Ligand SMILES: Cc1cc2nc3c(=O)[nH]c(=O)nc-3n(C[C@H](O)[C@H](O)[C@H](O)COP(=O)(O)OP(=O)(O)OC[C@H]3O[C@@H](n4cnc5c(N)ncnc54)[C@H](O)[C@@H]3O)c2cc1C
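In UniProt numbering, the protein residues as written are 1 to 602.
Pasting the structure below:
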């Protein structure tokens, strides 16, 4: 097995027509040992980052608490209104947006953009577009759940409704979104126009795949409802990953599923000599029921939740979960296995899961809402870098109830120098790669970045009637590898979030180079980078990674050119200073795609 794997790699290196692929394969074949790097001298920003915890504890945490409380009051106020009242308010707000759009003078006012401040969002990009001239449209009033329809099993949400708000409303009704991205603050609008996924995505796909209808205000002020099979079906499929560059989303109807009170979670440790061994354990933990048997629709026995955490190149914990009712938990004498992981003093979830490496495989029952938000308190493991002692028992007991600091406030208080430091010395990336390439991707990431822990979360990538920006590998239906079905290829989100090994060891690390290499690896291997993260992609490479055909058609058809900025411009890495942004503004207002476009019909 090993011989044939090595041989096939050698053949690929030797005969690959692309020099870049040859370089990458060569790098991968040597991936057992990370690169050796020279030591790096500390500069003043290192100390700012090291002692940032002081600012966080004394300023960010109290302010976060106040903001959480204000959000909660807003939510309670909204809950006291009937669905009808909320809908009336929604319609009034739509009229306000249309009036605002009518006021715009395209030649003077710049391109349309939501008025949301970049620091408020969860995404990490150093954006240009909000620092340059643009025409702001305020969507901040669109933050209500408009309806929970238990017959149609649909929740109607405005775009600023966040995941915490949705689970608070639906879980007590034993309902949930089919896909609930973990962090409380992630918004419906951001997850649709960007991307989102979760431990249930191996069944339901990405967040946008569970949406059944969008309400969108086009650049000319028309309000349209786009569904899979109405006259706007092209727009429906073009919206995900478009970053709000096709229209302003004002409402989404999203699929709900029935849930139970607990999630029965199985923690299985996997140890191995190589990352390939760990990948095998990960795939075995969930992929056996699919594809292999050609029984596409036999999903009866599929576990509802899957994730794997890789702690180092030799150890991982694979978790699989299914819903369990209170009766089931109580009747089988399992009440001792209930773990309320959401309590403020409990160990962080990734550290709790890690205990499986010592104690061996175990099962426990977690209240469902707490399971959905299991990574919120520690932002996976990012908080360990910000507050290195916040995982200690004394901190959890004393101040754990104030956690987590709001990402928006962390961003607002980090100053430009620290933000640029994170761009260069920190990795926060989600790589979507075909399941059969996960092992190669991990080897590559180990050699180039050495970021641990690593989050593995499988997700289906559907083959849609239109070729969307993100799409499965051509011909995957014929190959039918593990996890694949005739209508979707199984992918995996590889979440790399932390300071890379070299940075922790005080060695030189070139973040831009590493990200750029990663992007080329993804392009060569039919992978995708999520757009909230820092990117080094040139425009040409952006469109090598993402398919632009449908997007481009919709830009023309729906009057976006000259009105909304292009998705590449919105996603590209930002310039570092305001001055640079202003200077480059005109040159970058539209992409090559836009330049090809003709004036619209509107
Ligand atoms: C620390 C961290 C943790 C994360 N954890 C997860 C996770 O657990 N699961 C997960 O799936 N993802 C996660 N992400 C990534 C996240 O999916 C993206 O950031 C996503 O885009 C949602 O963020 P947001 O709600 O702040 O959206 P924003 O950044 O506000 O929006 C994303 C894009 O959508 C556009 N947009 C938003 N609303 C509208 C609208 N109404 N009309 C038109 N355009 C609009 C925005 O202009 C922007 O271009 C994480 C990111 C970070 C940094």
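Quick reminder that beta carbons are idealized off the backbone N, C-alpha and C, glycines included.
Values in this document were obtained by computation on a predicted structure and should not be read as measured data.
Where residue 420 is concerned, the enclosing alpha helix (DSSP H) starts and stops at 415-425. Looking at the DSSP output, residue 436 shares a beta bridge with no other residue. According to DSSP, residue 217 shares a beta bridge with 223 and 248. According to the DSSP assignment, residue 94 belongs to no beta strand (DSSP E) but to the alpha helix (DSSP H) extending over 83-102. Sequence-distant Cβ neighbours of residue 212 in its own chain, meaning closer than 8 Å and more than five residues away, are 154, 227, 228, 253, 254 and 255. Checking the 7 Å criterion, the Cβ of residue 181 is within range of a heavy atom belonging to ligand 1. Under the 10 Å beta carbon count, residue 392 is surrounded by fewer than 16 other beta carbons and is classified as exposed. Counting only runs of 3+ residues, the beta strand (DSSP E) found wholly inside the region 444-480 occupies 454-462, in chain order. In this model, residue 490 and residue 449 are separated by some 25 Å (Cα to Cα). Here DSSP, grouped into helix, strand and coil, assigns residue 193 to helix.
The beta carbon of residue 312 lies closer than 7 Å to those of 452 in the same chain, with the five residues before and after it left out. Taken atom to atom, the span from the alpha-carbon of residue 249 to that of residue 143 is near 12 Å. A distance below 6 Å between beta-carbons, with the five flanking residues on each side excluded, links residue 179 to the following residues of its chain, in chain order: 198, 200, 201, 204, 207 and 210. Contact between residue 488 and residue 463 holds: their C-beta atoms lie close to 7 Å from each other, under 8 Å.
Buried is the label assigned to residue 429, since at least 16 other Cβ atoms lie within 10 Å of its Cβ. With a threshold of 16 other beta carbon atoms within 10 Å, residue 47 falls short and is exposed. In this structure the region 214-227 touches the region 551-571; the number of beta carbon pairs closer than 8 Å is three or more. A distance criterion of 7 Å places the beta-carbon of residue 197 in contact range of ligand 1, judged by its closest non-hydrogen atom. Proximity of the region 422-437 to the region 93-100 falls short of the contact definition, fewer than three beta-carbon pairs being nearer than 8 Å.
Residues of the same chain with a CB within less than 6 Å of the CB of residue 338, apart from the 5 flanking positions on each side, are 365 in chain order.
Taking the Cβ atoms as the reference, residue 377 lies roughly 24 Å from residue 336, outside the contact range of under 8 Å. Under the DSSP definition of a beta bridge, residue 528 partners with 432. Collapsing the DSSP output to three states places residue 284 in a helix.
With contacts defined by Cβ atoms closer than 8 Å, residue 268 and residue 318 form a contacting pair. Shortest gap from the CB of residue 384 to any heavy atom of ligand 1: 7 Å or more. Listed in chain order, the non-local C-beta contacts of residue 259 below 6 Å within the same chain comprise 174, 176, 323 and 368, local neighbours out to five positions each way being set aside. Put simply, the backbone Cα of residue 65 is about 44 Å away from that of residue 467.
Each residue's CA atom was taken as its position, placing residue 55 and residue 325 some 43 Å apart.
An exposed status is given to residue 62, since fewer than 16 other beta-carbon atoms sit within 10 Å of its beta-carbon. Here the distance from the Cβ of residue 279 to the nearest heavy atom of ligand 1 is not below 7 Å.
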